[in-house]
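I have placed the structure first, in the form of structure tokens, so that the comments after it can refer back to it.
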């Protein structure tokens, strides 16, 4: 459980606390070792002055959308779906993390890519960020990462659960320059 406190404005524009509650982590059988708190998000950039939760529909945000999440990854795990999940496991995964599977590169054990900029801080580590078979960085508690829409995955090679907090901002890829332009 995670305590979530929200401050906003009342109908007269005065600052108030509108929520002080706990939220549960989401998990799915087909994504072992992963627990994620979806703290806040929206599918467009809006300011809910009353503190109400904006609408959002998928794990990764669309262009101009955003998410604030807390990922906990258990020791010895990669944030990767299991091989050959059952139909019910796939349904649970889609319900829990809508659209996540569409970002996973086939045959890569969890390598995924989204059109997002991910602003990440390691709350408790270590955790490894892998970009390919040959590129990896071990990150420690307090390290920050700016992940700019490339293929990657998270792996916990430690002996304790690791936690990362991220603000994930939807964007579009810049068009690639073509030869001769």
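In this note's numbering, the protein residues as written are 210 to 390. Even for Gly, the Cβ is constructed at its ideal location relative to N, Cα and C.
No Cβ-Cβ contact shorter than 9 Å links residue 310 with residue 373.
Boundaries around residue 227 are those of the beta strand (DSSP E), 224-232, since no alpha helix (DSSP H) includes it. Within the same chain, and ignoring the five residues on either side of residue 358 in sequence, the residues whose Cβ sits closer than 8 Å to its Cβ are 322, 323, 324, 325, 326, 380 and 382. Counting C-beta pairs with one atom in each stretch, the segment 346-362 and the segment 262-272 have fewer than three that are closer than 8 Å, which means they do not touch. Three or more Cβ pairs closer than 8 Å define a contact, and the segment 284-298 meets that threshold against the segment 229-239. Rounded to the nearest angstrom, the Cβ distance from residue 362 to residue 289 is 6 Å, consistent with a contact under 8 Å.
Within its own chain, the residues whose Cβ lies closer than 8 Å to the Cβ of residue 245, once the five positions on either side in sequence are excluded, are 234, 235, 236, 278, 279, 280, 281 and 306, listed in chain order. Short of 6 Å from the beta carbon of residue 337, and not among the five residues preceding or following it, lie these beta carbons of its own chain, in chain order: 345, 347, 364 and 366. Counting along the chain, the unbroken beta strand (DSSP E) around residue 333 starts and ends at 325-333. For residue 242, same chain residues with a beta-carbon under 7 Å away, outside a window of 5 residues either side, are 282, 283 and 286 in chain order.
Residue 216: member of the beta strand (DSSP E) spanning 211-218, first to last residue. Per DSSP, the beta bridge partners of residue 280 are 245 and 373. Going by DSSP, residue 339 is part of the beta strand (DSSP E) stretching over 336-339. Around the Cβ of residue 224, a 10 Å sphere holds fewer than 16 other Cβ atoms; the residue is exposed. In the displayed model, residue 302 falls within a helix according to three-state DSSP. With contacts defined as CB atoms closer than 9 Å, residue 350 and residue 329 fail to qualify as a contacting pair.
In this structure residue 250 is buried. Its beta-carbon is surrounded by 16 or more other beta-carbon atoms within 10 angstroms.
If you ignore the 5 residues before and after residue 270, its C-beta comes within less than 8 Å of the C-beta of 250, 251, 252, 276, 325, 377, 378 and 379, all in its own chain and listed in chain order.
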